[in-house]
Every structure is written in C-alpha cells, then in structure tokens.
Amino acid sequence: MKTRMMSLAVMFTLLLALSPASPAQGRHPEIRAAIHALENAKRHLQDAAHDFGGHKAEAMRATDEAIQQLQICMQYDR
C-alpha cells in the first residue's frame, strides 16, 4: 500500500512538473516545479519508516544539494 501511494505521489509530481506553464508561474516554471517536487520527495523520505536499503540518508543529502543548486540557478536569472 505504501509503495502504491509513493508511486502515485511520484506520478502526480511528474505530471505537475511536465504540465504546460501558466503565465502566473513566472519565469522558469519547470525549475520551480522541480524544486517543489524535490521538496515533496524529501518530505516523503523523511516520513518513511525504513531506510531504503541504506540509501535514505544519501538520497536526502543529494535532494538537498539538488534543491540548493536549482535555487542558485534561479538567483542568476534576475
């Protein structure tokens, strides 16, 4: 059941990230959507009851790094 819920959440996030941008989203809506999706994925990792075969901590670290890099990218486009 948890796997199915996680799969549905990932699919919804991907659909959101790949959907056409509305003018209200501003510049680089795909990057903003990716940041949101990564933050959501991190929350799911944090709330997970297991460590995904020992990969949970590294996945969270990589997710934080990806979010940070995307935020830096957005700063250079002002």
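Counting along the sequence shown from 1, when you hit position 30 you're at 976 in my numbering, and nothing is skipped either side.
Ideal Cβ placement from N, Cα and C applies to all residues, glycine included.
Judged by DSSP in its simplified three-state form, Arg-978 adopts helix. In the three-state scheme derived from DSSP, where H, G and I count as helix and E and B as strand, His-990 is classed as helix.
Nearest C-alpha to Met-1006 among Arg-989, His-996 and Gln-1015: Arg-989.
Under the three-state reduction of DSSP output, Arg-1007 falls in the helix class.
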